[in-house]
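A quick write-up on the structure given underneath.
Protein chains in written order, with the working numbering: chain V, 1 to 215; chain Z, 1001 to 1215.
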């Protein structure tokens, strides 16, 4: 089974420019778990709301489960061909980790113990009181930030990805037993590209940017 | 006024690892518009739902408007100190650009004319029929992907950023005349770091990752 441990020799700007959605992967190609973990760990370096890290990753790399996912994802073959499909989930109850996170920040010497205690109580009381749609949106934003970073980290490590919104999220939740605490944000097949992704166009910058006033 | 045109000599992986939220910027430091545009243009290379690019950027760099924003953002000084504050907006009606986007893809030779026509009619009919909360979520995801890429592109170009969710989004919409079509996703001050960002902790990878089944 071929594997790759080579970082692409592209600069960060080149990685951003050259990343494309790849829909054709080398079948049966295995990404070593250590590499996949490194890519995921890089994804978790993304910033998040109050550092609560409202992202979770369900890595689907068993052939049976990829087959199970296939019809839920409109039979798009990249789901079966990719080395793994990473389901990016948002965590609507990230405040439950506030104590773990801030205590460990205090232990690391990144904040005084008292500040950590204050942060814990403030964070738990604020976030647990959010209206459900706001808690969901916070989770979706954080998970999306991690997803983008994951795609770039994958490319830096010699792999490619394709973010997919076209799947039945209710069926996915049910088939994979995803607790209601998590919001499915996207499916992200990752693997060794068999064919490069298609180039795509972008709107001219001045059509998406306003300077100081919305015109 | 000092300026920087140097790309940081970090690899992509180092940029991901070394990016921190910076809250102290060199006051009165101007990022040349050409550089800011390059960073924004790199952000727009992010992938998006059906390539509809549901992101918009409101670049606030006039001193008066930064002062106006300050109380709306809980008087966090980075808003006034940063060279610019980029408000990241999601576009809930991105399908209105389907014709422009797919026609230009056809003109570029990226898809046959007939495919473009089919994509346009399918995209407009699907996306214009989305329930409002789903249209909002699509916009929030795409805008967040662009935001993450913007933060990394900024760092690659020698600048730093801090994503901010702590502001009054209703007051912001009103004070800056943001049409209801757009969702404010975050404020992103960008500038030349005066002090490095604080290190922060991350949950261990195995607490945020599931392998094949949610346990």
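Idealized CB from N, CA, C, for every residue including glycine.
Remember, predicted model here, so these are calculated numbers, not experimental data.
Expressed to the nearest angstrom, what Euclidean distance is found between the alpha-carbon atoms of residue 61/V and residue 144/V?
21 Å
Cβ atoms of residue 1066/Z and residue 1080/Z: under 8 Å apart, would you say?
yes
May I have the straight-line CA-CA distance separating residue 4/V from residue 176/V, to the nearest angstrom?
Caution applies to residue 4/V, whose pLDDT of 45 falls short of 50 and renders its modelled position unreliable; the value that the coordinates give is listed next. Going by the C-alpha atoms only, they are around 30 Å apart.
Put residue 1087/Z into one of helix, strand or coil per three-state DSSP.
strand
Count the CB pairs spanning the stretch 1098-1113 of chain Z and the stretch 1022-1033 of chain Z that are closer than 8 Å, and state whether there are at least three.
no
Determine contact between the stretch 131-142 of chain V and the stretch 29-39 of chain V, defined as no fewer than three beta-carbon pairs at a distance below 8 Å.
no
With a threshold of 8 Å between beta-carbons, can residue 1069/Z be considered close to chain V, or not?
no
Work out the CA separation of residue 52/V and residue 1015/Z for me, nearest whole Å.
21 Å
Starting from residue 1017/Z, find everything on chain V with Cβ-Cβ shorter than 8 Å and list it in chain order.
42 and 45
At least one CB of chain Z closer than 8 Å to the CB of residue 24/V: is that the case?
no
Please report the straight-line C-alpha distance between residue 44/V and residue 1205/Z, rounded to a whole angstrom.
8 Å
Counting contacts by CB-CB distance shorter than 8 Å, is residue 113/V in contact with chain Z?
no
Just tell me which of 1108/Z, 1155/Z, 1146/Z and 1124/Z has its CA closest to the CA of residue 1047/Z.
1146/Z
Nearest to residue 1142/Z (by Cα), restricted to the options 1074/Z, 1017/Z and 1089/Z:
1089/Z
Check whether the Cβ atoms of residue 55/V and residue 1208/Z lie closer than 8 Å to each other.
yes
In angstroms, rounded to a whole number, what distance separates the CA positions of residue 1082/Z and residue 102/V?
27 Å
Measure the beta-carbon distance from residue 162/V to residue 1042/Z and round it to whole angstroms, keeping in mind my assumption that it falls under 8 Å.
The Cβ separation is near 20 Å, so there is no contact.
Against chain V, does residue 1130/Z count as a neighbour if the rule is that its beta carbon must be under 8 Å from one of theirs?
no
Does residue 1137/Z have its Cβ less than 8 Å from a Cβ in chain V?
yes
Roughly how many whole angstroms lie between the Cα atoms of residue 154/V and residue 1168/Z?
35 Å
Could one say the Cβ of residue 120/V lies closer than 8 Å to chain Z's Cβ atoms, at least one of them?
no
Hey, how far is the Cα of residue 1097/Z from the Cα of residue 107/V?
50 Å
Cβ-Cβ separation, residue 1179/Z to residue 1087/Z (assumed contact under 8 Å), whole Å:
So it is not a contact: roughly 13 Å between Cβ atoms.
Is residue 1001/Z helix, strand or coil by DSSP?
Here residue 1001/Z scores only 37 on pLDDT, less than 50, and its place in the model is too uncertain to base an answer on.
Tell me which residue opens and which closes the beta strand (DSSP E) that residue 944/Z is part of.
The question about residue 944/Z has no answer here: the residues shown for chain Z are numbered 1001 through 1215.
Within the stretch 48-101 of chain V, ranges of the alpha helix (DSSP H) (whole runs, at least 4 residues)
63-72 and 78-81
Rounded straight-line distance, which links the Cα of residue 99/V to that of residue 109/V
15 Å
Find the residues of chain Z that neighbour residue 110/V, judging by a C-beta separation of less than 9 Å, and give them in chain order.
1198, 1199, 1200 and 1201
Quick check on residue 1118/Z: buried or exposed, where buried means 16 or more other Cβ atoms within 10 Å of its Cβ?
exposed
With DSSP as the reference, please indicate the residues paired to residue 1184/Z in a beta bridge.
1089/Z
Hey, is residue 188/V's beta-carbon within less than 8 Å of any beta-carbon in chain Z?
no
Supposed contact pair residue 85/V and residue 189/V - C-beta distance, whole angstroms, cut 8 Å:
5 Å
Just how far apart, CA to CA, sit residue 166/V and residue 1077/Z?
41 Å
According to DSSP, is residue 1123/Z part of a helix, a strand, or is it coil?
helix
In whole angstroms, what is the alpha-carbon distance linking residue 75/V and residue 68/V?
10 Å
Compute the beta-carbon to beta-carbon distance between residue 104/V and residue 1201/Z, rounded to the nearest angstrom, for a pair I have assumed lies under 8 Å.
5 Å
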